[in-house]
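Undergrad: Have a look at the structure that comes next, please.
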Amino acid sequence: MRLYEFEAASLFRQEGVPVPDFAIADSPRQARQAAEKIGFPVVIKAQVLSGGRGLAGGVQTADSPEQAEAIAGRVLKSAIRGLPVNRVMVVPKAAVAREFYLGVTIDGVVGCPVVIMSTAGGVDIEETSRNHPEKVTSCQVPILSGLSLPQAEKMARKTGLTADESSRMADILHKLYNVFRKSEATIAEINPLALTTKGDYLALDAKMEIDDSALFRHPELKISPEDRIASPLEKKGRQIGVTYVELDGEVGIISTGAGLGMATMDIINQRYRPANFLETGGGISEELLYQVMELVMQKKGLKAVFINLLGGINPIHEGAKGIVRFLQSHPTDIPVFARVMGNRQEETRQILRGGGVEVVTDVATEQCMAHLFQRLGGGR
Amino acid sequence: MSILLDGKTRVLVQGITGRVGQAQTKWMLEYGTNIVAGVTPGKGGEEVEGVPVYNTVAQAVAERGAEASVFFVPPAAVKGAALETIDAGIRLIVVVTEHVPVHDAMEIKARAAGRGVWLLGPTSPGIITPGEAKMGIMPGNMFQPGRIGVISRSGTLAYEIGVDLAAAGLGQSTAIGMGADPAPFTSLSELLRLFDADPGTDLVITVGEVGGTQEEHAARFIAEKMTKPVVAYVAGHSVPEGKRMGHAGAIVHGEMGTTRSKISAFQKAGVDVAMYPVDVVKLVQKKLGKSFQTR
């Protein structure tokens, strides 16, 4: 779950990472008052869960109370990458001498945290590591002992910093690593970390993602994942306990697994476009699939639904009863196809056939999908 | 032949008294798995499907000689159970549980290092050596004995590829679900190395998906070390950037984790890449040619 910048900045501050004084405003008037308190010039930053804010006009400098109010008014009415801006952050504008990058993330192949440092801050770290590998250094951290200060200092020296600079940088990286561990983050990033003309280090941005699977033991973060989902259909999916991703096509997908769901999307994409991605995970019940049908059928412009049921952990015969119950109480002209294999496949197929679902019994998903394509005709 | 699991392996089921544990124990026994014990703390002395239940892993090892364990344990309890199981000297641990905190997974992996134990998961569908035994939730009727190794990040895609192969008469030596989380216990390269050393495997299929860099690292291993042919499939080329597709690990950030990056890494390593599941069968047939024996 991604955090807003101001949330990440608060966590950074708690651990001693230097962050500028900031205020949060949800109205132009509040922004103006905050700016007057902080002193000019200030930077007004849109708070949205997306990158690319600067390019989208979501980060602007104000030199006066009037300007602060006007900018906040515009930004608060805007949307960035489709996400409405409900809050702005007001911070003093820093006089920057140099910019760095500090980050902590997970090396998924080695299975340990990795800390990353770069002398080229403020730009995309992936791009820097491709084009200027000499400016980026990274280091795997043994999770049981954690990141040591000498290890962090050694890294900083590798980027060409002086001994004094390295020790200050190492101290901040060490604190950032602690934030990452304490909040069970998957990413904690400062980009840029500025060295001001006065010689202070300041985190001018704060990015964090928290592991969704660990949120249950972090009530102190006060995060409700549902509040961060913009699409009502996606929110509904979260509430009933499935992954629903809204897309802009015409063929609905219900899949018993994520990998299978992605493969099904790819196949639909040959001729049509998926209207959604939906995977049930391992908790199928009659009630769940009733609700899943209700959710998928709500999407506007739907022309057909493809249900891909593989019985492994899931009692798919129970799920089939839910699908049929939905279709009986909500008759529809939209054709519903199902492909069923695995544990209890025959029983499941029979239940679905009895409820008006077109059960396709070819082996591979692609062969089964051909029936749906044929029904819809053409495609692209 | 097979890797990690065969019909003689003495299997323990942790979380055996739960709803899923009970149901899956039945399926595993019916398939022929040699399940010798179950563990649920506080339920020692009970029986599930005729399998004796113990309170601790150490008891199950001492009294029943358990050597491999499959987990149907709730996410928050996985770390404690895994550390107990590693300490008891079990050599293969399969974590089926979804939503295990990733920091816990990293700690488990670190604690297992150098202890001679293989871990699969989290979010693994398990491991199946067709015709002999299965640990986990894979449906037995979608696999068939043979000489092809399968490694999949996704459970359901492992079944899809398994059944497509079986329909073409291509059986499997062992099929493994390595897990769909951001930091799986065992990397794709490590599992490829096991299949490369298995005399019962002629070719290995890797079933990947968007997100992470497992495939890119494996491509390097294949180019440098692998002696057997590899066919790869990568799902999710129609997945838009920044959208997480169910699996915690399946998300594209910029160029990182795209199917494009994975396919190009594989192709540079001389691996044939399928764009859709059915193409996997065609590529395998092409690679093995006519000399291939299906059994």
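Protein chains in written order, with our numbering: chain A, 1 to 380; chain B, 1001 to 1295. We put the beta carbon where it would ideally sit given N, CA and C, even for glycine.
Counting only beta-carbon separations shorter than 7 Å, does residue 1163 of chain B have a partner in chain A?
TA: yes
Undergrad: Go through the region 312-349 of chain A residue by residue and report every complete run of the alpha helix (DSSP H) that reaches 4 residues or more, in order.
TA: The qualifying runs are 316-329.
Undergrad: Quick one: Cα of residue 1167 of chain B to Cα of residue 1157 of chain B, how far?
TA: 15 Å
Undergrad: For residue 119 of chain A, which residues of its own chain have a beta-carbon under 7 Å away from its beta-carbon, when the five flanking residues on both sides are left out?
TA: 100, 135, 159 and 160
Undergrad: How is residue 12 of chain A classed by DSSP in three states: helix, strand or coil?
TA: helix
Undergrad: Within 7 Å (strictly less), CB to CB, does residue 1002 of chain B reach chain A?
TA: Cβ-Cβ to chain A under 7 Å: no for residue 1002 of chain B.
Undergrad: Are the Cβ atoms of residue 279 of chain A and residue 243 of chain A separated by less than 7 Å?
TA: Yes.
Undergrad: Pull out every residue of the region 1225-1256 of chain B whose Cβ sits closer than 9 Å to any Cβ of chain A, in chain order.
TA: 1233, 1235, 1236, 1237, 1238, 1239, 1240, 1242, 1243, 1244, 1245, 1246, 1247, 1248, 1249, 1250, 1253, 1254, 1255 and 1256
Undergrad: Put residue 1293 of chain B into one of helix, strand or coil per three-state DSSP.
TA: At residue 1293 of chain B the pLDDT is 48, less than 50, meaning the model places this residue with poor confidence; the figure from the coordinates comes in the next sentence. The answer is coil: DSSP assigns residue 1293 of chain B none of H, G, I, E or B.
Undergrad: Just how far apart, CA to CA, sit residue 1264 of chain B and residue 64 of chain A?
TA: Distance between the alpha carbons of residue 1264 of chain B and residue 64 of chain A is about 52 Å.
Undergrad: Taking its Cβ as the centre, do 16 or more other Cβ atoms sit within 10 Å of residue 5 of chain A, making it buried, or is it exposed?
TA: buried
Undergrad: Pull out every residue of the region 1200-1225 of chain B whose Cβ sits closer than 8 Å to any Cβ of chain A, in chain order.
TA: Here the close residues are 1207, 1209, 1210, 1212, 1213, 1214 and 1217.
Undergrad: Where residue 1278 of chain B and residue 1040 of chain B are concerned, what is the direct C-alpha to C-alpha distance, given to the nearest angstrom?
TA: 41 Å
Undergrad: Mind checking if residue 1125 of chain B is an interface residue toward chain A, Cβ cutoff 7 Å exclusive?
TA: yes
Undergrad: Nearest-angstrom Cα distance between residue 1217 of chain B and residue 1284 of chain B?
TA: Going from the Cα of residue 1217 of chain B to the Cα of residue 1284 of chain B covers about 22 Å.
Undergrad: For residue 260 of chain A, decide whether its Cβ has a neighbour in chain B, counting only Cβ atoms nearer than 7 Å.
TA: yes
Undergrad: Can you find the residues in the same chain that come closer than 7 Å, C-beta to C-beta, to residue 366 of chain A, ignoring five residues on each side of it along the sequence?
TA: 267
Undergrad: Any Cβ of chain A within less than 7 Å of the Cβ of residue 1283 of chain B?
TA: no
Undergrad: Curious, which full-length beta strand (DSSP E) runs of at least 3 residues does the region 1045-1070 of chain B contain?
TA: Runs of the beta strand (DSSP E) inside the region 1045-1070 of chain B: 1051-1054.
Undergrad: Between the alpha carbons of residue 1269 of chain B and residue 1106 of chain B, how many angstroms are there, rounded?
TA: 29 Å
Undergrad: List, in order along the chain, the chain B residues whose C-beta lies closer than 8 Å to that of residue 26 of chain A?
TA: Those within 8 Å of residue 26 of chain A in chain B number zero; the least Cβ separation is about 25 Å.
Undergrad: Rounding to the nearest angstrom, what Cα-Cα distance links residue 1124 of chain B and residue 175 of chain A in this structure?
TA: 34 Å
Undergrad: Look at the alpha carbon of residue 271 of chain A and the alpha carbon of residue 337 of chain A, and state the distance between them as a whole number of angstroms.
TA: 16 Å
Undergrad: Of all the residues that make up the region 321-346 of chain A, which are near chain B by a beta-carbon distance shorter than 7 Å?
TA: 341, 342 and 343
Undergrad: By the three-class DSSP mapping on this structure, what secondary structure does residue 243 of chain A have?
TA: strand
Undergrad: Give me, in chain order, the residues of the same chain whose beta-carbon lies closer than 7 Å to that of residue 41 of chain A; leave out the 5 immediate sequence neighbours on both sides.
TA: 61, 62, 63 and 93
Undergrad: Rounded to the nearest angstrom, how far is the Cβ of residue 323 of chain A from that of residue 344 of chain A, given a contact under 8 Å?
TA: Their Cβ separation, rounded to whole angstroms, is 14 Å, which puts residue 323 of chain A and residue 344 of chain A out of contact at 8 Å.
Undergrad: Check the C-beta distance from residue 89 of chain A over to residue 45 of chain A and give it rounded, since I have them as a contact under 8 Å.
TA: 4 Å
Undergrad: If residue 334 of chain A sits next to residue 302 of chain A, beta carbons under 8 Å apart, how far is it from one beta carbon to the other, in whole angstroms?
TA: 6 Å
Undergrad: How long is the line joining the alpha carbons of residue 362 of chain A and residue 182 of chain A, rounded to whole angstroms?
TA: 50 Å
Undergrad: Residue 1074 of chain B CB to nearest chain A CB: under 7 Å?
TA: no
Undergrad: Is there a C-beta anywhere in chain A that falls below 7 Å from the one on residue 1109 of chain B?
TA: yes
Undergrad: Mind checking if residue 1048 of chain B is an interface residue toward chain A, Cβ cutoff 7 Å exclusive?
TA: No, no contact with chain A.
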